Structures are given as structure tokens and as C-alpha cells.
Amino acid sequence: MYVYSDSVNDMLKSAFIYSHTGQFPLHSSEVDNSLFSINITPVNSISWSDIFLLNPRFQSAKKEIQNSMLIPLVLLNLRYSSDDKHSLIIEGLKNAIENSVIKFCSDYNPVFTKLTKRKNCCLREVHKMLGLIRFTPVNHKLAGVALLEHNTADLILYRFRKRYPKEHLVLLVGSDTVELNSVDEIIIGKADNYIPFIKNDDFTSVWKKYYESQYIPSRKNLKLLQHHIPKKYWNWLTEGDFIKSKLN
Numbered sequence: 001m002y003v004y005s006d007s008v009n010d011m012l013k014s015a016f017i018y019s020h021t022g023q024f025p026l027h028s029s030e031v032d033n034s035l036f037s038i039n040i041t042p043v044n045s046i047s048w049s050d051i052f053l054l055n056p057r058f059q060s061a062k063k064e065i066q067n068s069m070l071i072p073l074v075l076l077n078l079r080y081s082s083d084d085k086h087s088l089i090i091e092g093l094k095n096a097i098e099n100s101v102i103k104f105c106s107d108y109n110p111v112f113t114k115l116t117k118r119k120n121c122c123l124r125e126v127h128k129m130l131g132l133i134r135f136t137p138v139n140h141k142l143a144g145v146a147l148l149e150h151n152t153a154d155l156i157l158y159r160f161r162k163r164y165p166k167e168h169l170v171l172l173v174g175s176d177t178v179e180l181n182s183v184d185e186i187i188i189g190k191a192d193n194y195i196p197f198i199k200n201d202d203f204t205s206v207w208k209k210y211y212e213s214q215y216i217p218s219r220k221n222l223k224l225l226q227h228h229i230p231k232k233y234w235n236w237l238t239e240g241d242f243i244k245s246k247l248n
């Protein structure tokens, strides 16, 4: 059984081997959770020169994929939160190998369509968080809470870098932190040291007064509100209680 990791190189190798053997590879996490003892071959132990010997088309197919939009598509799909993300990516790469990238990247291919939708979900989350996350000064850093469905914290921080070019930025994601320091290195830490400051944020009351001052009952529009601030965020945001009180 062939086993691959999250690296793009591993996934490409797996897809080519899958195309040749018809044997669907396993992600390393599937092996760790398996109840059975199986013989495994890590794809990173197989050289590209050996893979190219399997089929005369493979070398040109690899070059075509690497020079296409598929690599960014794969990288964003790896951030998507779903148990089947790895198998879907492998299936998509195999499809591109066997049918060419152009044929695969069409609206008529269900795998490509699904991969594109998942990519867009991740990009929308990044865009949405740029308007919803609010930072609080904490020990010479700026810290904010992020309610994320996907693994997009670092992308969000890099986008915020344009607004805060010299600050150490911290996102609290669950019990962990994802930080972008002043030299643009990503650091993973624990949220414990930041939670007291976030809970006692002095700006919360200011935001609430701002919402009250901007609220116009005659122009209440639930559909528009949910478009800009989806209901799943209401319990997280400062304005959530205010929104719920005005909609009841």
C-alpha cells in the first residue's frame, strides 16, 4: 500500500502511481488510524525517475500540472476542513494526468467543480475575517479572536500585514494561537495568556454604542445582514447580542 503526506510532491507522486496501478493510496493519517497491519511504501521513497519509467507520458504530464493552476488549487484544498479532502485531491490529480489539465479544468468535471468550490470557501473565509476580526493591544502585540472553519489563519494574518506592517499579530483559534511576528514568521502557541485581555477588552462598550447609533429600525434588512454577517458568527462577535435583540 502506497502512503503519502500533505506535501504537494507526495500527492503528485501518489496520483501518478494510482494512475498506473489502479491502487488508491492512503494518507499517513489513515495508516495511523488503521486497525489492521499492512505493508506500506512511502511515496517519498520512490524517485521521480522511477515513476517516469512507468509510462512515457508521465514526465510531460507532471510538467503540465506543475505549470498550471492545479498546484494553487491543491494547496487551498489542503486547508479545507473535510475528511475526504485528500482523496478528492488525489482523484483530481489522477484525472488531470489521464485526461490533460485543460480537459480536467472544465465546468463539466464534477471533481474539478468540487475542488473549486472548496477553494472558494477558503478564500471567502479569509475575506470575511478581514472585516470581522478586531485586534486588542496585549503586551506590545495585537491579538484577536478568529472563528474559523478551515485552516486559513496564516493567510488571514498575511493579509492583515498590509494594515499593520510592523506589529506582532496574534489570532486566537480555539485553544491555540497563530502568530505573525515582526519578521513575518508564523508561530504556533497557546491562547491561555491572551484570553483574559480579550475578555476584558475596553473597546467592547465603544463598539456597542457605535451599533446603537447606526441602527435605523425602518431600514432593518435581515437578508442583507446575514449576507455580510452570517448567523453562525453572531455568538462570537461583539455585535451578535445587539443583532439578535433587534431581530426578535
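Residue numbering for the sequence shown follows the UniProt record's numbering, beginning at 1 and increasing consecutively.
C-beta atoms are modelled at their ideal positions from N, C-alpha and C, and glycine is treated no differently.
Everything numeric in this text was worked out from a predicted model, so none of it was measured.
Pairing VAL101 with LYS63, the inter-Cα distance amounts to about 11 Å. Using a Cβ-Cβ distance cut-off of 8 Å, the stretch 90-101 and the stretch 143-158 are not in contact, since fewer than three pairs of beta carbons, one from each stretch, lie closer than that value. With fewer than 16 other CB atoms across the displayed protein chains lying within 10 angstroms of its CB, VAL183 is exposed.
Exclusion of the five residues before and after ILE188 leaves ASP176, THR177, VAL178 and GLU179 as the residues of its chain whose Cβ lies within less than 8 Å of its Cβ. Burial of GLU125 is indicated by the presence of at least 16 other C-beta atoms within 10 angstroms of its C-beta. Using a 10 angstroms sphere on the CB of LYS13, the tally of other CB atoms reaches 16 or more, which defines it as buried. If one requires a minimum length of 3 residues, the beta strand (DSSP E) runs lying completely within the stretch 111-199 are 136-138, 141-145, 169-173, 176-180 and 186-190, in chain order. Just so you know, the alpha carbons of PRO196 and PRO165 end up roughly 26 Å apart. A check of alpha carbon separations from MET129 across VAL111, PHE160, ASN109 and LEU115 identifies PHE160 as the nearest.
Counting every other CB atom within 10 Å of its CB across the protein chains shown gives SER60 a total below 16, marking it as exposed.
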